[in-house]
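For reference, the structure discussed in these notes is given below.
There are 2 protein chains.
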Amino acid sequence: MEAPLPEPEPLKALIEALRRLPGVGVRSARRMAYHLLQHDISGAEQLGQALAAAVRDLRHCARCNGFSEAEVCPTCSNPKRDASVLCVVETPADQNMIESSHGYRGLYYVLMGRLAPLEGIGPQDLQFDRLLRRAGDGQVQEVILATNFTAEGETTAHYLSELLRAQGLSVSRLARGVPAGSELEYVDAGTIAWALMERRST
Amino acid sequence: MEAPLPEPEPLKALIEALRRLPGVGVRSARRMAYHLLQHDISGAEQLGQALAAAVRDLRHCARCNGFSEAEVCPTCSNPKRDASVLCVVETPADQNMIESSHGYRGLYYVLMGRLAPLEGIGPQDLQFDRLLRRAGDGQVQEVILATNFTAEGETTAHYLSELLRAQGLSVSRLARGVPAGSELEYVDAGTIAWALMERRST
Ligand SMILES: [Zn+2]
Ligand SMILES: [Zn+2]
Chain G
1 MEAPLPEPEP LKALIEALRR LPGVGVRSAR RMAYHLLQHD ISGAEQLGQA
51 LAAAVRDLRH CARCNGFSEA EVCPTCSNPK RDASVLCVVE TPADQNMIES
101 SHGYRGLYYV LMGRLAPLEG IGPQDLQFDR LLRRAGDGQV QEVILATNFT
151 AEGETTAHYL SELLRAQGLS VSRLARGVPA GSELEYVDAG TIAWALMERR
201 ST
Chain A
1 MEAPLPEPEP LKALIEALRR LPGVGVRSAR RMAYHLLQHD ISGAEQLGQA
51 LAAAVRDLRH CARCNGFSEA EVCPTCSNPK RDASVLCVVE TPADQNMIES
101 SHGYRGLYYV LMGRLAPLEG IGPQDLQFDR LLRRAGDGQV QEVILATNFT
151 AEGETTAHYL SELLRAQGLS VSRLARGVPA GSELEYVDAG TIAWALMERR
201 ST
């Protein structure tokens, strides 16, 4: 049921743009637009500027593939981190969770996704070649696969494990202390620290 | 649990700004930010521009208080609309719904909210004086109160009814009753009681 009313163009355009956010349908988008325009103009301006700045200033770190302002992010440039261990995660949120466990001092690689054959997301989409080059820098000795313990995360870990071992690298997986079927982002930091300590080679 | 990881500033700022959207917590905001930056840069640009344009180009119509690009919106300037009837709604979405019924050819006034004493939203916040001036233009004969049939909407309608009648205007309310196309067996008893009380001779 499309509104036959001549809504002003800028309002229509804003509702359309808000609908591109994940999980936002037309009703939510309309509610968000009304809220911003009626009650939070400064929030609308702030969001508009934050989007422009993020698009302009963020790129992928050349080493870990995470979001970064610099060519190489502060974590990857930190000489105090152990360059012989590389932890592979699906998203920056997962990296945050591992970091907050204070159980890890190595480096990271952020896949920005996971293999999902049913959604048509394969190894090319995730640029596994970049990860293989990164892991083959001569410094990395061990790769810890910290993808989620979901079906897709396990598939991704299994697939990467084969590729990385073929390069002569030692590969491990977070210990099964993490409840099966759960996403790392929602697991408490203590469990993650324990699972890091108990990691097994695969 | 704040992320101790040095997230890049533009990413942090974007997540903060997305949190100002109604119904969006920190996890949703982060997911939205990742999605836009990783999978939909053009969506991020589109939303940024739509927000800037909406803030710049939209204002409240001087007559109906709805969002408008012009001083007076196209609906209020339309000479084919019946200027003797004014329909009062809570939001532009409600106006859209009434318009889509094709049962109304009069004009509108959009409250952009409703009385909600528990949230501290009173008559001043909704600028009822503007509505009273609009309804007192000498052309309006009847005001139809089409606020929602919720506790707040009913309170608002009752309050406005007194004010408008004191100005000598004829005031009506949308009829309550059994929804068109519904079976009595599945209609709640309160609605049936109302429909009985408000029964009309045929
Ligand atoms: Zn990096
Ligand atoms: Zn208007």
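If you read the protein sequences in the order shown, they are chains G and A.
Numbering follows the UniProt record's numbering, with no gaps: position 124 of the first sequence is 124.
Numbering follows the UniProt record's numbering, with no gaps: position 99 of the second sequence is 99.
Every residue gets a Cβ at the ideal spot worked out from N, C-alpha and C, and that includes glycine.
In this text the structure is predicted, and so the values were computed from the model without any measurement.
Neighbour-count burial assignment, Val140 of chain A, 16 or more Cβ in a 10 Å radius: Reading the second sequence from its first residue, position 140 is the one you call residue 140 of chain A. Classification for Val140 of chain A: buried.
Segment limits, alpha helix (DSSP H) that includes Val140 of chain G: In the first sequence, residue 140 of chain G corresponds to position 140, counting from 1. Neither: Val140 of chain G is in no alpha helix (DSSP H) and is coded neither H nor E.
Within-8 Å CB hit, Ile41 of chain A to chain G: The sequence position of residue 41 of chain A within the second sequence is 41, counting from 1. Yes, Ile41 of chain A counts as interfacial toward chain G.
Any alpha helix (DSSP H) of 4 or more consecutive residues that is wholly inside the UniProt domain "Toprim" (84–179) of chain G: 92–100, 128–135 and 151–166
Near ligand 2: Gly66 of chain A beta-carbon under 7 Å from a heavy atom: Position 66 of the second sequence holds residue 66 of chain A. Yes - ligand 2 has a heavy atom lying nearer than 7 Å to the Cβ of Gly66 of chain A.
Inter-residue Cα distance where the pair is Ala146 of chain G and Arg27 of chain A: Position 146 of the first sequence, counting from 1, holds the residue named residue 146 of chain G. Position 27 of the second sequence, counting from 1, holds the residue named residue 27 of chain A. Rounded to the nearest angstrom, the two C-alpha atoms are 20 Å apart.
Check: Cys61 of chain G C-beta below 7 Å from any heavy atom of ligand 2: As a position in the first sequence, residue 61 of chain G is number 61, starting the count at 1. No, Cβ of Cys61 of chain G sits at least 7 Å from all heavy atoms of ligand 2.
Cut-off 6 Å between Cβ atoms - residues of its own chain near Ala44 of chain G, not counting five sequence neighbours on either side: The residue given as residue 44 of chain G occupies position 44 in the first sequence. Around Ala44 of chain G: Leu36.
Complete runs of the alpha helix (DSSP H) confined to the stretch 4–49 of chain G [at least 4 residues]: 9–18 and 26–39
Sequence-distant residues of the same chain with beta carbon closer than 7 Å to Arg30 of chain G, five excluded per side: Here residue 30 of chain G refers to the residue found at position 30 of the first sequence. Here the set comprises Ile15.
Contact set between the stretch 43–60 of chain G and chain A, restricted to residues whose Cβ is under 7 Å from the partner: Gly43, Ala44, Glu45, Gln46, Leu47, Gly48, Ala50, Leu51, Ala52, Ala53, Ala54, Val55, Asp57 and Leu58
Interfacial residues, the stretch 17–31 of chain A to chain G, with Cβ spacing under 9 Å: Ala17, Leu18, Arg20, Leu21, Pro22, Gly23, Val24, Arg27, Ser28, Arg30 and Arg31
Candidates G:Asp82, G:Asn148, G:Leu118 and G:Tyr186, of which the one nearest Val110 of chain G by Cα: Residue 110 of chain G sits at position 110 when you count from the first residue of the first sequence. Selected option, being the one with the closest Cα: G:Asn148.
Chain A contact residues for Ser68 of chain G, given Cβ-Cβ distances below 8 Å: Translated into positions along the first sequence, residue 68 of chain G becomes position 68. Under the 8 Å cutoff, chain A gives Pro8.
Check whether Met32 of chain G and Leu21 of chain A have beta carbons under 8 Å apart: Reading the first sequence from its first residue, position 32 is the one you call residue 32 of chain G. Reading the second sequence from its first residue, position 21 is the one you call residue 21 of chain A. Yes, the Cβ-Cβ distance between Met32 of chain G and Leu21 of chain A is below 8 Å.
Inter-residue spacing [alpha-carbon to alpha-carbon] between Leu86 of chain G and Thr191 of chain G: Here residue 86 of chain G refers to the residue found at position 86 of the first sequence. Here residue 191 of chain G refers to the residue found at position 191 of the first sequence. Each residue's Cα considered, the two are about 20 Å apart.
Identity of the residue in A:Gly168, A:Arg199, A:Pro79 and A:Pro92 nearest Lys12 of chain G by Cα: Here residue 12 of chain G is taken as the residue at index 12 of the first sequence, counted from 1. Here the closest residue by C-alpha is A:Pro92.
Asp57 of chain G in three-state terms, based on DSSP: Reading the first sequence from its first residue, position 57 is the one you call residue 57 of chain G. In this structure, Asp57 of chain G counts as helix in the three-state DSSP scheme.
Per-residue burial, Ile144 of chain G [other beta carbons within 10 Å of its own, 16 or more giving buried]: For the purposes of this step, residue 144 of chain G is taken as residue 144 along the first sequence, with counting starting at 1. Counting Cβ neighbours within 10 Å, Ile144 of chain G comes out buried, since at least 16 surround it.
Heavy atom of ligand 2 within 7 Å of Cys76 of chain G beta-carbon: In the first sequence, the residue the question calls residue 76 of chain G occupies position 76. Flag unset: Cβ of Cys76 of chain G not near ligand 2.
Short CB-CB distance (under 8 Å) between Ala3 of chain G and chain A: Counting from one through the first sequence, the residue named residue 3 of chain G turns up at place 3. At Ala3 of chain G the pLDDT is 43, less than 50, meaning the model places this residue with poor confidence; the figure from the coordinates comes in the next sentence. Output row for Ala3 of chain G: interface = yes.
Cα-Cα separation between Arg63 of chain G and Ala116 of chain G, rounded to whole angstroms: For the purposes of this step, residue 63 of chain G is taken as the residue at position 63 of the first sequence. For the purposes of this step, residue 116 of chain G is taken as the residue at position 116 of the first sequence. Whole-angstrom Cα-Cα distance: 24 Å.
Chain-ordered neighbours of Thr91 of chain A on chain G, where CB pairs are closer than 7 Å: Translated into positions along the second sequence, residue 91 of chain A becomes position 91. Within 7 Å Cβ-Cβ: Tyr34.
Per DSSP, cross-strand counterpart(s) of Asp82 of chain G: Translated into the one-based positions of the first sequence, residue 82 of chain G becomes position 82. Looking at the DSSP assignment, Asp82 of chain G forms a beta bridge with G:Gly106.
Val72 of chain A Cβ short of 7 Å to ligand 2 heavy atom set: In the second sequence, residue 72 of chain A corresponds to position 72, counting from 1. True, at least one ligand heavy atom lies under 7 Å from that Cβ.
7 Å Cβ cut-off: residues of chain A touching Gln38 of chain G: Start at 1 with the first residue of the first sequence, and residue 38 of chain G comes out as number 38. Neighbours of Gln38 of chain G on chain A, chain order: Met112.
Identified DSSP bridge partners for Ser68 of chain A: Working through the second sequence from its first residue, we reach residue 68 of chain A at position 68. Ser68 of chain A pairs with A:Arg59.
Within chain G, the residues that Leu11 of chain A reaches when beta carbons sit closer than 7 Å: Within the second sequence, numbered from 1, the residue matching residue 11 of chain A stands at position 11. Those within 7 Å of Leu11 of chain A in chain G are Ala54, Leu58 and Phe67.
Glu162 of chain G versus Leu107 of chain G - alpha carbon distance: By 1-based counting over the first sequence, the position of residue 162 of chain G is 162. By 1-based counting over the first sequence, the position of residue 107 of chain G is 107. The alpha-carbon atoms of Glu162 of chain G and Leu107 of chain G are separated by roughly 21 Å.
Whole-angstrom C-beta distance between Asp57 of chain A and Glu69 of chain A, which should lie under 8 Å: Along the second sequence, read from residue 1 onward, the residue named residue 69 of chain A stands at position 69. Along the second sequence, read from residue 1 onward, the residue named residue 57 of chain A stands at position 57. So it is a contact: roughly 5 Å between Cβ atoms.
Residue burial classification, Met112 of chain A (beta-carbon count within 10 angstroms, cutoff 16): Within the second sequence, numbered from 1, the residue matching residue 112 of chain A stands at position 112. Burial call: buried.
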